[in-house]
Every structure is written in structure tokens, then in C-alpha cells.
Amino acid sequence: MSRTTIGVIGGGQLARMMYEPAIKLGIGLRLLAEGPDVGAAQIFKDVMVGDYTDEATVKSFASNCQIITFDHEHVPTWILRGLVAEGKLVRPGPDALQHAQDKLLMRRRLTTSLDAPAPKWQACADAAELRAFGAEIGFPIIAKASRGGYDGHGVWKLDGPADTGIPFEQALTESAGEKVEIIGEEFVDFARELSVIVVRSPSGQAVVYPVSETIQRNGVCRETITPAPGLSDEQAAGITRLGLDIADELQITGVLAVELMQRTDGSVVVNELALRPHNTGHWTIDGAHTSQFENHLRAVLDLPLGDPRARDPWCVMVNILGGSNQDLPSELLHCFARDPKLRVELYGKDVRPGRKVGHVNCYGDDLAEVRARAEHAARYLGGEIREG
Ligand code: ADP
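Numbering (my numbering), first residue to last: 2 to 389.
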């Protein structure tokens, strides 16, 4: 092999967005894709189609790569441990990655090793234990499947003991399988959600991006505002410290996104961790000196990390959610004519209602104006509005 090749497991938009910085860094990227037409497979030159839960497939894929990294966190850790045992560089490694796969493990580790702020929580073996937990701390409570959740699937708000009956048990089994562990959590009546993105290299260098406010709709991230409006310097510094501490404790390589809930008194609790480039960091592509994708690759390669600071006072990212319009590029004429500073990224995915099919970034000095531009463009591209 004449040049360094990083193998990316998973063919979604996160792998796709690693491609541009890889070109700039002169790095080869190989893809293990779920199918021939997924978003990243449309642009990677070196694609293997296969099942990332099959050991032989993953091994054969990895044999032509120096380093393995990820578009998602779902590769079974036992397969990755096998690769590590054979001397392959897996970044982030399985010991760290498991904390993004298993919410119960994450809660235990952050509570015991770091005393990181968390909602009240308890591992619950079954619905009866959830009822007892709810009776102890007071309903409503949140129940979560420890594994297999995404975009709000696998998270339930239970208003009282009656909600833990058979329909809930069925939903739990359907969402996450028979042997899933359940976490009972205090229902945090949060004022807003925040996210902080940390990138850490194997040598221990770490950079932190400004904290973002994240706005979800129906369990899906809709918008981020960076920096989070109204966050005091002290609060921002506390969240930055928390992100760095978690990255260091788990010895993470690459991007760590820490999703947080902020209470009305300003304090925060950790919601969950992601160990890959994250939707709440897409603003960095156009809004920061170094994007999360470039810094992820730099970390994976153990290169010095790039400046994470924002270029403009405000950057707003809005996801484009699929609507009735299948041909997204045909809508660009209107959007670009209206706003020369608009930045658009389309993921090459089949459009389905509510599916994330791209995002827009807008930046500038006036938050209200920047938000209005970004929201207009994303809604126009998603087919929600037709003119204006
Ligand atoms: P997912 O795996 O789908 O991302 P999360 O754990 O992030 O699941 O939860 C999805 C959403 O549910 C969060 O963004 C938040 O809005 C809400 N949520 C999660 N935990 C709690 C909690 N303890 N209290 C209140 N809302 C919560």
C-alpha cells in the first residue's frame, strides 16, 4: 500500500462527510457499506458491501486498512477486540466505544469514575422495578432501553404506574429485543438541550468546540445554534471541562459528542454520548476553522488537531427533513439566488418523510437574521414552503 488507508465502517452521511477532508489530507478511505447505494458508497472509490456484524466480513475489510474508524457505533465490540488483538489500530477503540452502545454502562462509568452530573437513575430489571423506582422518586419518569435506541426510539416517558403495563413491555421488546436492560431515569423538565464536541488524539491532545444549543423535534435533531445563546462564560467553561474529563476518562480517539440537558436553574446533566462525528457538530464544516470531520481524521491519524473556534459570532445549522420533493438539487436555484452565504450539504439519500437528507449552515453577526435564513432554506429544500 503506497499511502495510509483508513477504513470507515458504515456508509451513512457521516462517512460521506469524512471524504472531503480525506482528499485534502491525501489519505485513502475505504468503506464498509450496508448496501451499494447508501450515501457514502456513492462517492467513495473503494467500497466493500457487507454486514458489519459478521466477523469474517469485518476482518477481510480491515485487512486492507491501517486504521479502522466509524460512521456509527454498532459494530459488535467482540469483533473489534479481535481486530485489536491482531494489532489493528481501531479508533475509537472498543473499550471506549461501548459507552456509546450501552446507556447503562455509560451511566455507571460516568457516575462511579467521574461523578459527572446525571439525572437520578437506576438499572431496572423489569416493569415492576420501574414502578418501584417511579414510586420512590415520583412520576413522571423516563424509561430507556440500554441498547439499540436512536432518534428517540427506545425512550419512553411514563406518567404513572399504569404506563408500565403490557403495551409498554411489548414496545420495549419490539424496540430492543428480549434481553434488553432498562434504565429508569428522573424526568428532567429541561429548559433546553446542549451539546459539546470534543476531539481527542491518541497522544492525549484534545480540542473542544464552542457549546451548541440543540433543538429536537419528534426525537430528531432539527437545529443547532452555536454558541448556545445566553450561556455564561462560567457555564461554558464547566461544560468544556466536563467534555474534556469524559474524553480523557474513556481514552477516546476522535470525536466525542456529549449531549446535555440544561435545567431551568442553569445546571446541566449528561444525556448521552456519541463517539463519532455528530449531527450537532455539522455547523463546524462551514462555521469553524477546522471541521469536526477533519479533526476526527487528524485524531485517528494522531496528527496535531486543528483550531476548533468559530469563524463568525453565530452559526446556525438546520437539518433538511424529507418531504414530498424527491429532487433536492432542483430546489437549490431558489435558495442560492436568495442567499449567497448559504451553505448546503445534501446526503444523496432517498427522500422519505421526516428523514434527515441534508443540512444547511448559515453564519453571521445577527442571530435572528442567521436563524431566519437557515430555517427558510432548510424548510424550502424539505418542501415545507414553496416561496418567500
Ligand atoms: P436517543 O438514543 O434516541 O438519542 P436519548 O437518550 O438521547 O435517545 O433521548 C432522546 C430524547 O429524549 C432526548 O433528546 C431528550 O429530549 C429526551 N430525554 C432523554 N432522557 C430524558 C430525561 N431523563 N428526562 C427528560 N427527557 C429526556
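Where a beta carbon is used, it is the ideal one built from N, C-alpha and C, also for glycine. In this text the structure is predicted, and so the values were computed from the model without any measurement.
Query	Result
N- and C-terminal bounds of the alpha helix (DSSP H) containing residue 24	14-26
For residue 19 and residue 390, believed in contact at Cβ under 8 Å, the rounded distance	Because residue 390 is not part of the residues shown, which for the chain are 2 to 389, the question remains open.
Three CB pairs or more closer than 8 Å across the segment 222-237 and the segment 64-72	no
Rounded distance between the beta-carbons of residue 41 and residue 12, thought under 8 Å	4 Å
Residue 266: CB within 8 Å of a non-hydrogen atom of the ligand ADP	no
Helix, strand or coil at residue 236 according to DSSP, with G and I counted as helix	helix
Backbone CA spacing between residue 102 and residue 116 [nearest angstrom]	20 Å
Segments assigned beta strand (DSSP E), at least 3 residues, entirely inside the segment 48-77	68-71
Rounded C-alpha distance that separates residue 30 from residue 45	7 Å
The segment 306-326 contacting the segment 200-212, beta-carbon criterion three pairs below 8 Å	yes
C-alpha gap between residue 295 and residue 382, whole angstroms	26 Å
For residue 329, the nearest candidate out of 340, 344, 350 (CA to CA)	350
heavy atom of the ligand ADP below 8 Å from residue 135 C-beta	no
Between the CA atoms of residue 338 and residue 149 - distance to the nearest angstrom	42 Å
Same chain, Cβ closer than 6 Å to residue 2, five either side skipped, listed in chain order	Any answer about residue 2 is weak, because its pLDDT of 46 lies below 50 and its placement is not dependable; what the coordinates show is given next. Correct list: empty, nothing qualifies.
Cβ neighbours of residue 373 in the same chain (closer than 6 Å, five flanking residues each side left out)	none
Three-state secondary structure (DSSP) of residue 260	strand
Residue 267 and residue 236 closer than 9 Å at C-beta	yes
Residues of its chain near residue 58, where Cβ-Cβ distance is below 7 Å and the 5 sequence neighbours each way are ignored	51, 52
Residue 376 - DSSP class collapsed to helix/strand/coil	helix
Spatially closest choice to residue 96 from 86, 38, 82, by CA coordinates	82
CA-to-CA distance, residue 87 to residue 409, given in whole angstroms	Residue 409 lies beyond the residue range present for the chain, which begins at 2 and ends at 389; the question has no answer from this structure.
Presumed contact (8 Å Cβ cut-off) between residue 216 and residue 125, rounded CB distance	So it is not a contact: roughly 30 Å between Cβ atoms.
Coil, strand or helix - residue 150 by DSSP	coil
Cβ separation of residue 214 and residue 195, assumed to be a contact under 8 Å, to the nearest whole Å	6 Å
Coarse secondary structure for residue 254, derived from DSSP in three states	coil
Bridge partner(s) assigned by DSSP for residue 217	222
Distance cut-off 8 Å: residue 89 Cβ against heavy atoms of the ligand ADP	no
Same chain, Cβ closer than 8 Å to residue 162, neighbours up to 5 away in sequence not counted	132, 135, 136, 140
Euclidean distance between Cα positions of residue 359 and residue 154	21 Å
CB-CB length for residue 111 against residue 276, believed under 8 Å	So it is not a contact: roughly 14 Å between Cβ atoms.
Where the beta strand (DSSP E) through residue 344 begins and ends	344-347
Residue 362, buried or exposed, once every other Cβ within 10 Å from all chains shown has been counted against 16	buried
The beta strand (DSSP E) enclosing residue 193, as first and last residue numbers	193-201
Beta-carbon contacts of residue 371 that lie in its chain and below 7 Å, excluding the five residues immediately before and after	315, 317, 363, 364, 365
Which listed residue (152, 158, 166) has its alpha carbon closest to that of residue 279	152
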